[in-house]
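One gets the numbering used here by counting positions in the sequence shown from 1 and adding 406 to each.
Even glycine gets a Cβ: it sits at the ideal position worked out from N, Cα and C.
Keep in mind that this is a model prediction, so the values were computed, not measured.
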Amino acid sequence: MLILLTNDDGIHSAGLQALADELQSIGRVAIAAPDRERSAIGHALTLHSPLRAEEIMPDRWAISGTPTDAVSLGIQGLLKEKPDLVVSGINKGGNMGDDLTYSGTVAAAMEATLMGVPAMAVSYTGKNFHYDDFANSAKVAVKLVEVIVEHGLPADTFINVNVPEASPRGIRVTRQGKRIYDDAVIQNQDPRGRTYYWIGAGKLDFQHLDGTDFHAVHNGYVSVTPLHLDLTNYNAIDRLRQWNMEEEVEDS
Ligand code: MN
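Next comes the structure, spelled out in structure tokens:
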């Protein structure tokens, strides 16, 4: 089995190294990851400038682009064969609820899914990110890779995994939760008296909703959320139809 790893924390991240070391027990591991931290870059794709892929070790490429670029190059150029699986992570910090829309970690798994390769994003929700801090998350990743290989993923679906800080009490299949972005933009003065703004520096909270990713992790469980490439809100289709905007243009 050939497993392609990537992340958005950069190729030198301890989380990526811990994941690679653990997954080596079940397959050949290749890495294509950004050459520096590219967190919160979402699904950005570099279209208007060249990309470099430096092979810093055999099967290990540092990409001068985004996580999405790395997956794209890994699958379509660098590896001589299509990988059986893409794993993105282990991210430094959780990727749950509304945060998913910003996440480079999740976007990398999304990109693999778009290319027809089964994928999983893994994030560690703790606060310290040395190599040993990722040990539980790496073990969970191996277990879930085995589950994916055994069952296969549903069409256009990948899984988003979040691991609690303490040793997990078990695994919960969850839905995406809801973030509370309170005071998410900080306004202050710099030493020269000019106003600056800092996004995402405020205190973050989440709604305590049963069955969500936040709720599972908060209660000490590994959260496994199936995510779908189709962003359509099917429940809203009927409601929008009632707005009567679909009428045909009359021939003149
Ligand atoms: Mn990150």
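First and last residue of the uninterrupted alpha helix (DSSP H) at Asn542:
Reading the sequence shown from its first residue, position 136 is the one you call residue 542. From DSSP, the alpha helix (DSSP H) with Asn542 extends over 541 to 557.
Restricting to Cα atoms, I'd like to know which of Val551, Gly532, Gly576, Ser573 is closest to Phe564.
What you label residue 564 is simply residue 158 of the sequence shown in a count that begins at 1. Phe564 has its Cα closest to that of Val551, out of Val551, Gly532, Gly576, Ser573.
Answer yes or no: do Tyr603 and Val591 have a C-beta to C-beta separation smaller than 7 Å?
Within the sequence shown, residue 603 is the residue found at index 197, counting from 1. Within the sequence shown, residue 591 is the residue found at index 185, counting from 1. Between Tyr603 and Val591, the CB-CB gap stays under 7 Å.
Cα-Cα, which of Ile417, Val655, Tyr508 is closest to Ile437?
Position 31 of the sequence shown, counted from the start, is the residue given in the question as residue 437. When each option's Cα is compared against that of Ile437, the closest is Ile417.
Check whether the Cβ atoms of Asn513 and Pro473 sit closer than 7 Å, and answer yes or no.
The count along the sequence shown starts at 1 and reaches residue 513 at position 107. The count along the sequence shown starts at 1 and reaches residue 473 at position 67. Correcting the residue identity first, residue 513 is Ala in this sequence and not Asn. Yes, Cβ-Cβ distance for Ala513 and Pro473 is below 7 Å.
Look at the Cβ atom of Ile577, then the Cβ atom of Val628, and state whether they are nearer than 7 Å.
In the sequence shown, residue 577 corresponds to position 171, counting from 1. In the sequence shown, residue 628 corresponds to position 222, counting from 1. Going by C-beta atoms, Ile577 is nearer than 7 Å to Val628.
Whole angstroms is fine: what's the gap from Leu479's alpha carbon to Gly471's?
Translated into positions along the sequence shown, residue 479 becomes position 73. Translated into positions along the sequence shown, residue 471 becomes position 65. Near 10 Å, if we compare the C-alpha coordinates of Gly471 and Leu479.
Beta carbon nearer than 5 Å to a non-hydrogen atom of the ligand MN:
Those residues whose C-beta sits under 5 Å from the nearest heavy atom of the ligand MN are, from N- to C-terminal order along the chain, Asp414, Asp415, Ser445, Asn497.
Arg585 and Gly503 closer than 7 Å at C-beta
To locate residue 585, count along the sequence shown from 1; it is residue 179. To locate residue 503, count along the sequence shown from 1; it is residue 97. In this structure, Arg585 lies near Gly503, with their beta-carbon atoms less than 7 Å apart.
In three-state terms, what does DSSP make of Val655?
By one-based count along the sequence shown, residue 655 stands at place 249. For Val655, the secondary structure class from DSSP, reduced to helix, strand or coil, is coil.
Taking DSSP's pairing of strands, which residues face Ala525 in a bridge?
Along the sequence shown, read from residue 1 onward, the residue named residue 525 stands at position 119. Looking at the DSSP assignment, Ala525 forms a beta bridge with Val492.
Given Leu484 as reference, the closest of Gly499, Asn501, Ile462, Ile496 once Cα atoms are compared
Within the sequence shown, residue 484 is the residue found at index 78, counting from 1. Leu484 has its Cα closest to that of Ile462, out of Gly499, Asn501, Ile462, Ile496.
Could you give the DSSP three-state label for Arg458: helix, strand or coil?
Indexing the sequence shown from 1 puts residue 458 at position 52. Reduced to three states, the DSSP call for Arg458 is coil.
Do Ile496 and Tyr537 have their CB atoms nearer than 7 Å?
Stepping through the sequence shown from its first residue, residue 496 is reached at position 90. Stepping through the sequence shown from its first residue, residue 537 is reached at position 131. No; because the gap between Cβ atoms is not below 7 Å, this pair is not in contact.
Which residues bound the alpha helix (DSSP H) around Arg466?
Position 60 of the sequence shown, counted from the start, is the residue given in the question as residue 466. Where Arg466 is concerned, there is no enclosing alpha helix (DSSP H), although the beta strand (DSSP E) it sits in stretches over 466 to 469.
Taking just the CA atoms, how far does Gly608 sit from Asp596?
Here residue 596 is taken as the residue at index 190 of the sequence shown, counted from 1. Here residue 608 is taken as the residue at index 202 of the sequence shown, counted from 1. If I take the Cα positions, the gap works out to 18 Å.
Please list, in chain order, all residues of the same chain as Gly433 whose beta carbon is under 7 Å from its beta carbon, the five residues on each side excluded.
Counting from one through the sequence shown, the residue named residue 433 turns up at place 27. Around Gly433: Met407, Leu408, Ile409.
Out of curiosity, what's the CA-to-CA distance linking Ile481 and Val623?
Your numbering for residue 481 matches position 75 in the sequence shown. Your numbering for residue 623 matches position 217 in the sequence shown. Each residue's alpha carbon lies about 32 Å from the other.
According to DSSP, is Tyr640 helix, strand or coil?
Taking the first residue of the sequence shown as position 1, residue 640 is located at position 234. For Tyr640, the three-state secondary structure derived from DSSP is helix.
Please list the terminal residues of the continuous beta strand (DSSP E) segment that includes Thr472.
As a position in the sequence shown, residue 472 is number 66, starting the count at 1. From DSSP, Thr472 is part of no beta strand (DSSP E); its letter is neither H nor E.
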